[in-house]
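**Q** Residue numbers (my numbering), protein chains in the order written: chain W, 13 to 423; chain L, 13 to 423.
Protein chains: 2
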Amino acid sequence: MDYEKKFSQVAKTAKASIIRELLKVASDPEMISFGGGVPDPETFPREELGEIAAKIVKEEYKITLQYGPTEGDNELKKAYINLLKKHEGIEGVSPENMLVTVGSQEALQLIGLALLDEDSYCAVGKPVYLGAVSAFKQMFPKFLEIPLEDDGMNVDILEEKLNELVNKGEIDKFKFVYVVPTFQNPAGVSMPLEKRKKLINLAHKYDFLIIEDDPYGALRFEGEPIPSIYSLEPERTILLNTFSKILCPGLRIGIIIASTDLLRKFTIIKQGVDLCTPTLTQRLAARYLQAHDRIEQLKPTLELYKSKKDSMLNALEEEFGDMQGVSWTRPEGGLFIWLTFPEWVDTMEMFEEAKKNKVLYVPGEAFYVNEVEKNHMRLSFCLPSHEEIKEGIRRLRKVAESYVKMKSLSS
Amino acid sequence: MDYEKKFSQVAKTAKASIIRELLKVASDPEMISFGGGVPDPETFPREELGEIAAKIVKEEYKITLQYGPTEGDNELKKAYINLLKKHEGIEGVSPENMLVTVGSQEALQLIGLALLDEDSYCAVGKPVYLGAVSAFKQMFPKFLEIPLEDDGMNVDILEEKLNELVNKGEIDKFKFVYVVPTFQNPAGVSMPLEKRKKLINLAHKYDFLIIEDDPYGALRFEGEPIPSIYSLEPERTILLNTFSKILCPGLRIGIIIASTDLLRKFTIIKQGVDLCTPTLTQRLAARYLQAHDRIEQLKPTLELYKSKKDSMLNALEEEFGDMQGVSWTRPEGGLFIWLTFPEWVDTMEMFEEAKKNKVLYVPGEAFYVNEVEKNHMRLSFCLPSHEEIKEGIRRLRKVAESYVKMKSLSS
């Protein structure tokens, strides 16, 4: 049978994640990978989680093995509200403001379903976390791509583009700005308080929502915390959190925090998406958070990440400090450094050479919607050891040199 | 902020599940509920699952607490392939034909996303499982509603409707027929082999896919098993299975079985939906299936369900046998009996009286897309005790009598 004829527009335009495809070679033991944004499994509290898992399956089976409410587990919500209060300074959140999702990815899909039509607009960073785009794209909206700077999205250019929509009479079709304001994926940069306030002012002026995706906020290892956009403007902000980076990704638990009117809509749509998030994994996270101060526990992990980040910055300075037109970001947290080459460099083209030299990164073009830039790469520092970081960046320098040579020979 | 202006078409048209809303009163301890299609938690193997959960979290943490492949856990797929071979007589399925989803509901959503556009057609039963419709509806297709008979969907009417599409020149926009051929939800009826073959012939003749949703197939307590549509026609059939009814719903594990070309597409789309199904719950189900013959274990549960079904049929005969124009289905498995009243009866209107008399059912109108029939109700027999079934049907007779009296007084 010719299935092609039966496929929808979504199916015809869906593309496999470049990252997943590229990183399939990462299993080679000699490969040093700066690719995935995957936390170190040795940081997962496996003993405690194992004990709790047995207990809640045996004793709370009427909850953990049964269907649950679409809204999510109230025990988990209450535990998370405490965490938000204590560590993020976010007050006034009630369980009715929260929906538990299958990771943040489902949250992104629900947002797309609830807010976007084919004639809608939304704004995203350039570069942007591609998981968000692949969720939003299912509704075929138009994307405004707003350049990212060392202090986050360029809000002046955002305003220019919004004004263009005003002039075209289409501003009422503009739904939201999507940002990862703290330790952005892929660039690692953060938006300072003043810029957050500017963004909020724009949200009022042009009447839009802000999607604040915050998977890395708790992974700060230096510098001062910046208030979340949600805490400054709860009415217009939809805050997305995840347990993937602070506890472990396997549970697939994300949390949407937003006004009750939005939440009710997301909940009704989620009924048609998967009825409910698994009850077992939710209760497991709930009982764990009730017994442990996870943010306190994370401190040694953050120390480790910080030292690895420093190792990578040092190695970059050493290997690329003398190479003209090469620059990189200096994140205060999160998992990623964004390395920029001169504009004529194509890091996807360079990727073959990197594989040969047993070092992996994610080519920057994976993080653009339409207006692709090819001269960047994302480097993750959380998994490789200090020695591997040093050696990997050395290999990368070699790769860059070979690439430069190849390009000058062919031109 | 006025959120209404920001909502998409999906959000504006999404409706809360009537079932979930109605059954909120079920927590009253005096209430006898024939409402939910929820399995008895005492049938969940909690001790074994608890032991396995602890072991796989502690020892297989690099898998169970980490991100997993979008395709699903290979251990689970292999265990399930064995189950399919042994108990369903389905051969030739490989892991590449399988995708593990967050319950069947996610499978239904992926099917909608992958196959339906706004100008597409699909056919569903009248009545139909509403979870399927709420997933498909997100893409705004046109529904052909095909009457359900005591032996499943009326395939002659299906063919008539397909011919109408041929005449309108729109048959190429017809994508699939959605059926629950064994112990249908809500009606409990099954489609015999001959009719399955007829449906397959139509699929060839009019070039469409068949979505075979089979949550209840393993819950047969009498009569001869009927080969699944997938086993007869794997190329054109997408088979949906779930662990919710045979193991427990809390794990939220569904499985799509289809040709590799379809599977690849579903997998790419799932990347944008939730990246992957939780790894912990998948491995838990896998290790359980490897150690236990779950279908063998289910036998006492099926004995229990059968006797409860018989209790309900006896009670219906006793209470409603003399009531003109009342009939009901006689399922050989599954969870539901479908009770039909004369056409002037409205079971939603009757619902208030039922609540007063402390008995609950699901009004039939919950199971129709556009052409609603109001004179049916769905009765689930798996959770209440024998005594409650007897007493509940007695109350229902009282409710029907009061309703008839009220209607004749008001007319």
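From the three backbone atoms N, C-alpha and C, an ideal C-beta is built for every residue, glycine too.
Predicted model only: the values in this text are computed from it and were never measured.
1) With 16 other CB atoms within 10 Å as the buried threshold, where does residue 272/L fall?
2) Thinking C-beta only, is residue 278/L closer than 8 Å to residue 122/L?
3) Using the beta-carbon of each residue, which ones in chain W are nearer than 7 Å to residue 74/L?
4) Within a Cβ cutoff of 8 Å, which residues of the same chain sit near residue 166/L, ignoring the five residues on either side of it in sequence?
5) Using a Cβ-Cβ distance cut-off of 8 Å, determine whether residue 394/W contacts chain L.
6) Tell me which residues share the same chain as residue 260/W and place their Cβ nearer than 6 Å to its Cβ, disregarding the 5 neighbours each side in the sequence.
7) What are the start and end residues of each continuous alpha helix (DSSP H) run of 4 or more residues lying completely inside the stretch 106 to 170 of chain L, in chain order?
8) Whole angstroms is fine: what's the gap from residue 87/W's alpha carbon to residue 299/W's?
9) What are the uninterrupted segments assigned as beta strand (DSSP E) that are 3 or more residues long and contained completely in the stretch 209 to 275 of chain L, given in chain order?
10) Return helix, strand or coil for residue 348/W, following the three-state DSSP convention.
11) Suppose the cutoff is 6 Å on Cβ atoms and the five residues either side in sequence are ignored; what does the same chain contact list for residue 235/L look like?
12) Please classify residue 418/W: is it buried, with 16 or more other beta-carbons within 10 angstroms of its beta-carbon, or exposed?
13) Does the stretch 141 to 155 of chain W come into contact with the stretch 310 to 324 of chain L, if we say contact requires no fewer than three beta-carbon pairs (one atom in each stretch) closer than 8 Å?
14) Under the criterion of a Cβ to heavy atom distance below 7 Å, does residue 272/L qualify as lining the ligand SAH?
15) What number of angstroms, rounded off, separates the C-alpha of residue 381/W from the C-alpha of residue 199/L?
16) How would you call residue 25/L, buried or exposed, if buried means at least 16 neighbouring beta carbons within 10 angstroms?
17) Check each candidate in 219/W, 239/W, 186/W, 390/W and name the one with the smallest Cα separation from residue 209/W.
18) Please state whether DSSP places residue 188/W in a helix, a strand or coil.
19) If you count every other CB in all the chains shown that lies within 10 Å of the CB of residue 337/L, and 16 or more means buried, which is it?
20) So who's on the other strand from residue 390/W, going by DSSP bridges?
21) Measure from the alpha carbon of residue 27/L to the alpha carbon of each residue in 41/W, 332/W, 284/W, 40/W, then state which is nearest.
22) Contact check, residue 6/W vs residue 267/W under 8 Å by CB: the rounded distance?
23) Leaving out five residues before and five after residue 370/W in sequence, what residues of the same chain have Cβ atoms less than 8 Å from its Cβ?
24) What separation, rounded to the nearest whole angstrom, lies between the Cα atoms of residue 243/W and residue 103/W?
25) Could you compute how far the alpha carbon of residue 248/L sits from the alpha carbon of residue 135/L?
26) Out of 400/W, 289/W, 178/W, which one is the CA nearest neighbour of residue 217/W?
27) How would you label residue 205/W, buried or exposed, when you count the other beta carbons within 10 angstroms and need 16 or more for buried?
28) Work out the CA separation of residue 226/L and residue 254/L for me, nearest whole Å.
29) Just to make sure I have the definition right: I need the residues of chain W whose C-beta is within less than 8 Å of the C-beta of residue 50/L. Which are they?
30) Name the chain L residues that come within less than 7 Å of residue 261/W, Cβ to Cβ?
31) In three-state DSSP terms, what is residue 339/W?
32) Between which residues of its own chain and residue 325/L is the CB-CB distance below 7 Å, once the five residues before and five after are set aside?
33) Apart from the five residues on each side of it in sequence, which residues of its chain come closer than 6 Å, Cβ to Cβ, to residue 384/L?
34) Step through the CB atoms of chain W and report whether any lies within less than 8 Å of the CB of residue 63/L.
35) Compare the C-beta of residue 283/W with all C-beta atoms of chain L and state if any pair is closer than 8 Å.
36) So, at 8 Å on beta carbons, what are the nonlocal neighbours of residue 38/W in its own chain, with the 5 sequence-adjacent residues on each side left out?
**A** Taking the definition as stated:
1) In the second sequence, residue 272/L corresponds to position 260, counting from 1. Label assigned to residue 272/L: exposed.
2) Counted from its first residue, the second sequence places residue 122/L at position 110. Counted from its first residue, the second sequence places residue 278/L at position 266. A contact, by the Cβ cut-off of 8 Å.
3) Along the second sequence, read from residue 1 onward, the residue named residue 74/L stands at position 62. Result: 53.
4) Within the second sequence, the letter at position 154 stands for residue 166/L. For residue 166/L, where only same-chain residues beyond five positions count, the Cβ hits under 8 Å are 158, 159, 160.
5) Counting from one through the first sequence, the residue named residue 394/W turns up at place 382. No, no contact with chain L.
6) As a position in the first sequence, residue 260/W is number 248, starting the count at 1. Answer for residue 260/W: 56, listed in chain order.
7) 115 to 127, 142 to 148
8) By one-based count along the first sequence, residue 87/W stands at place 75. By one-based count along the first sequence, residue 299/W stands at place 287. So the alpha carbons of these two residues sit roughly 8 Å apart.
9) 221 to 225, 249 to 254, 265 to 269
10) As a working mapping, residue 348/W is identified with position 336 in the first sequence. Strand at residue 348/W.
11) By one-based count along the second sequence, residue 235/L stands at place 223. Cβ within range, chain order: 344.
12) What you label residue 418/W is simply residue 406 of the first sequence in a count that begins at 1. Classification for residue 418/W: exposed.
13) no
14) With respect to small molecules bound, the structure shown includes none, and the ligand SAH cannot be examined in it.
15) Numbered from its first residue, the first sequence carries residue 381/W at position 369. Numbered from its first residue, the second sequence carries residue 199/L at position 187. Near 47 Å, if we compare the C-alpha coordinates of residue 199/L and residue 381/W.
16) Along the second sequence, read from residue 1 onward, the residue named residue 25/L stands at position 13. Residue 25/L should be labelled exposed.
17) Here residue 209/W refers to the residue found at position 197 when the first sequence is read from its first residue. Selected option, being the one with the closest Cα: 239/W.
18) Here residue 188/W is taken as the residue at index 176 of the first sequence, counted from 1. Strand, per DSSP.
19) Numbered from 1 along the second sequence, position 325 holds the residue referred to as residue 337/L. Looking at its Cβ environment, which holds fewer than 16 other Cβ atoms inside 10 Å, residue 337/L is exposed.
20) Counted from its first residue, the first sequence places residue 390/W at position 378. Beta-bridge pairing links residue 390/W to 350/W, 374/W.
21) Stepping through the second sequence from its first residue, residue 27/L is reached at position 15. When each option's Cα is compared against that of residue 27/L, the closest is 284/W.
22) No answer is possible for residue 6/W: it lies beyond the span of chain W, which begins at 13 and ends at 423.
23) The residue labelled residue 370/W in the question sits at position 358 within the first sequence. So the list reads 40, 42, 43, 44, 407, once near-sequence residues are dropped.
24) Here the question's residue 243/W lines up with position 231 in the first sequence. Here the question's residue 103/W lines up with position 91 in the first sequence. If you take the alpha carbons of residue 243/W and residue 103/W, they lie about 8 Å apart.
25) Reading the second sequence from its first residue, position 236 is the one you call residue 248/L. Reading the second sequence from its first residue, position 123 is the one you call residue 135/L. Cα to Cα, residue 248/L sits roughly 15 Å from residue 135/L.
26) Walking along the first sequence from the start, residue 217/W turns up at place 205. Nearest of 400/W, 289/W, 178/W to residue 217/W, Cα basis: 178/W.
27) Position 193 of the first sequence holds residue 205/W. When all chains shown are included, residue 205/W counts as exposed.
28) Here residue 254/L is taken as the residue at index 242 of the second sequence, counted from 1. Here residue 226/L is taken as the residue at index 214 of the second sequence, counted from 1. Going from the Cα of residue 254/L to the Cα of residue 226/L covers about 8 Å.
29) Along the second sequence, read from residue 1 onward, the residue named residue 50/L stands at position 38. Result: 78, 79.
30) Looking up residue 261/W in the first sequence gives position 249. Per Cβ cutoff of 7 Å: 78, 79.
31) Looking up residue 339/W in the first sequence gives position 327. Three-state DSSP puts residue 339/W in a strand.
32) Indexing the second sequence from 1 puts residue 325/L at position 313. Counting only Cβ-Cβ distances below 7 Å, and skipping sequence neighbours, we find 342.
33) Taking the first residue of the second sequence as 1, we reach residue 384/L at position 372. Within the same chain, residue 384/L has close Cβ partners 377.
34) Counted from its first residue, the second sequence places residue 63/L at position 51. So yes, residue 63/L belongs to the interface.
35) For the purposes of this step, residue 283/W is identified with residue 271 of the first sequence, where counting begins at 1. Yes, residue 283/W lies at the interface with chain L (some Cβ there is under 8 Å from its Cβ).
36) Along the first sequence, read from residue 1 onward, the residue named residue 38/W stands at position 26. So the list reads 45, 47, 48, 372, once near-sequence residues are dropped.
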